[in-house]
Amino acid sequence: MAITISLVLFFGIALVLLLRFKALGAGAAIVAVLFGFYLADTDARTTVNDLMGAVVNALPER
209 MAITISLVLF FGIALVLLLR FKALGAGAAI VAVLFGFYLA DTDARTTVND LMGAVVNALP
269 ER
């Protein structure tokens with residue numbers, strides 16, 4: 209659960225920075241957020257979670 213919250217925070221901050229530096233327009237940000245919500249409600253949710261879990265497990269621990 210801690211990894212999920214951390215990734216949500218990371219992607220939220222990344223989205224805010226993209227908006228702040230005008231690398232992403234407000235309309236595109238809304239589309240990105242809505243895409244995330246709709247993606248979470250599909251069968252792809254399991255695949256995305258498995259992929260992110262594999263990436264996190266592949267990172268070296270310090």
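Going by the numbering used here, 219 is the number at position 11 of the sequence shown; the sequence numbering is gapless. Ideal Cβ positions, reconstructed from N, Cα and C, are used throughout, including at glycine.
Using a Cβ distance threshold of 8 Å, Leu227 and Ala234 count as a contacting pair.
When the beta-carbon positions are compared, Leu259 and Ala240 stay at least 8 Å from each other.
At the C-beta level, Val256 and Leu247 come within 8 Å of one another. Just so you know, the alpha carbons of Gly244 and Thr254 end up roughly 13 Å apart. Spanning the alpha carbons of Phe219 and Asp249 requires a straight line of approximately 18 Å.
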